[in-house]
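Residue numbers (UniProt numbering): 1 to 471.
Note that CB positions come from ideal geometry on N, CA and C, so glycine has one too.
For clarity, every value in this text was computed on a predicted model and none was experimentally measured.
Right, dumping it as structure tokens:
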């Protein structure tokens, strides 16, 4: 398998009547530009042609992780759909948009590249070099005159094959793919069934089995037989966190100690690579914007301030145990709780809601932890476990992303530990000291003083324009 095909396969690239691919071996951001016979240019900011016949389906090293073996790809036409590439003259160019290197390679530097053009089953390769930033190299111009005489028959065969594949996929979707899944489906709803249908089925997938799956499938039955908890993920093992007397078992002791140590770490200092990236940004045409963003970035004195932005909050559907004037109790979503409502607290008593605090979610979504009970709250909101110890949800639940406009928290008149979703959870300004729960801002009157400046405080309902930040 040639390098072009291997990289396209790795990234999920497609082939058309005409396929133009760009390969290079550097973390810099080279961009492939293909001009169609109509004059329309396909590149990173215009990935699909107006006629729908051409598309840039792979664009690498523009952001995020940078590959040292990148590929970009533009394909024209779709044989399976019977759509032919536009006829006429094409032009291919390569543009060095920006230099990148996590090894501190010098700038400017030469970046050799290869462009592959595939038509009619044949492949031609063209070499070139970008020598400076923003350097644009014209690589080749060529004519596409249409499919060969045998292409029509080949197209019919491909379309028939595609229809058979789709029919087979539809049939297989209704059949459990493995004996393990068939057996697990017969089990009653339980943590064991949940573990088998999620983690165990994932472990037997070929790619996963070659890495961690083969070890996991040996360890899981051993832990079940020994009734020993060895991880945070397997629902079937979570009940083994304590001994018969309810005392924390070895794994839980280590987890609690590690959790507290991690929460109290000093924030990491920027690395030399980060400084280098800032220097590069300052030298680029986007330097002024990058400096403005860096200048506005919040600096944190300790890890909990970073992790507990907003003081920890609940999803809108989190249920509070509310107590009526006649002593009757019912579950009420926190989004519907009113100031003055009486809520059940961890001591078994009640406390009145002084204020409901609503914080917006950036982009209409929030990363949260979902506990086995179903309660969703932010990952670093202190809660009390069954042993009466303060824990962070990130150590007890699984990470989920909720599409919600806002998250909620409370200020209570007393006690400050509300029962939410059946779990004792700290509220704002709780005044409790100690590992995990103690905090110089969220756990003191400092956050209350800040909320009092909000116009909604007097009415007991603060709808914030942006998340609270520790001061």
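List the whole-angstrom C-beta distance separating residue 186 from residue 200, where the pair is believed to meet the contact cut-off of C-beta under 8 Å.
-> No, residue 186 and residue 200 are not in contact; Cβ-Cβ is about 15 Å, not under 8 Å.
Host alpha helix (DSSP H) of residue 229 (start-end) = Premise fails: residue 229 is in no alpha helix (DSSP H) and is neither H nor E.
What residue from 426, 135, 77, 82 has the CA that sits closest to residue 118's CA?
-> 77
Name the DSSP bridge partner or partners of residue 55?
-> Partner(s): 48, 75.
For residue 118, the residue or residues it bridges with in DSSP | 19, 123
Please confirm whether residue 4 and residue 21 have their CB atoms less than 7 Å apart.
-> For residue 4 and residue 21, yes; Cβs fall inside 7 Å.
What's the C-alpha gap between residue 55 and residue 83?
-> Each residue's Cα considered, the two are about 13 Å apart.
Counting Cβ pairs, one atom from each stretch, are 3 or more of them under 8 Å apart for the stretch 427-435 and the stretch 368-376?
-> no
Determine, using beta carbons only, whether residue 357 comes closer than 7 Å to chain B.
-> Reference to chain B is not applicable here, since this structure consists of a single protein chain.
Does the beta-carbon of residue 297 have 16 or more other beta-carbons within 10 angstroms, so that it is buried, or is it exposed?
-> Residue placement at residue 297 is poorly supported in this model, since its pLDDT is 42, which falls under 50; the coordinates are not used for a value here.
Given 8 Å, three or more beta-carbon pairs between the stretch 125-132 and the stretch 65-76 = no
Neighbourhood of residue 445 by C-beta distance below 7 Å, restricted to the same chain and skipping five residues each side | 429
Compare the C-alpha of residue 235 against each of 210, 206, 396, 211 and name the closest.
-> Nearest C-alpha to residue 235 among 210, 206, 396, 211: 396.
Assign residue 381 to buried or exposed, taking buried as 16 or more other Cβ atoms, counted over all protein chains shown, within 10 Å of its Cβ.
-> It counts as buried.
DSSP beta-bridge partners of residue 31 = 95
Find the nearest neighbour of residue 336 within the set 401, 450, 358, judged by alpha-carbon distance.
-> 358
Take residue 377 as the anchor and find which of 384, 386, 367 has the nearest alpha-carbon.
-> 367
Using a Cβ-Cβ cut-off of 7 Å (strictly less than) and excluding sequence neighbours within five positions of residue 25, which residues of its own chain qualify?
-> 68, 69
Would you be able to state if there are at least three C-beta pairs under 8 Å between the stretch 80-99 and the stretch 134-145?
-> yes
Nearest to residue 148 by CA position, among 126, 102, 120, 134, is which residue?
-> 120
Closest Cα partner of residue 350 within the set 229, 184, 332, 322 | Taking only the C-alpha atoms, the option nearest residue 350 is 322.
Assign residue 413 to buried or exposed, taking buried as 16 or more other Cβ atoms, counted over all protein chains shown, within 10 Å of its Cβ.
-> exposed
Assigned exposure category for residue 207 - 16 Cβ within 10 Å defines buried | exposed
In its own chain, which residues sit with a C-beta less than 8 Å from the C-beta of residue 478, not counting the 5 before and 5 after it?
-> Any question about residue 478 goes unanswered here, given that the chain covers just 1 to 471.
Beta-carbon proximity list for residue 87, same chain, < 7 Å, skipping 5 on both sides = 37, 144, 145, 146
Does DSSP classify residue 380 as helix, strand or coil?
-> coil
Grouping DSSP H, G and I as helix and E and B as strand, with all else coil, what is residue 309?
-> Because residue 309 carries a pLDDT of 41, less than 50, the predicted location of this residue cannot be relied on, and the following value inherits that uncertainty. Here residue 309 sits in helix by DSSP.
Would you mind stating whether residue 49 and residue 40 have Cβ atoms separated by less than 7 Å?
-> yes
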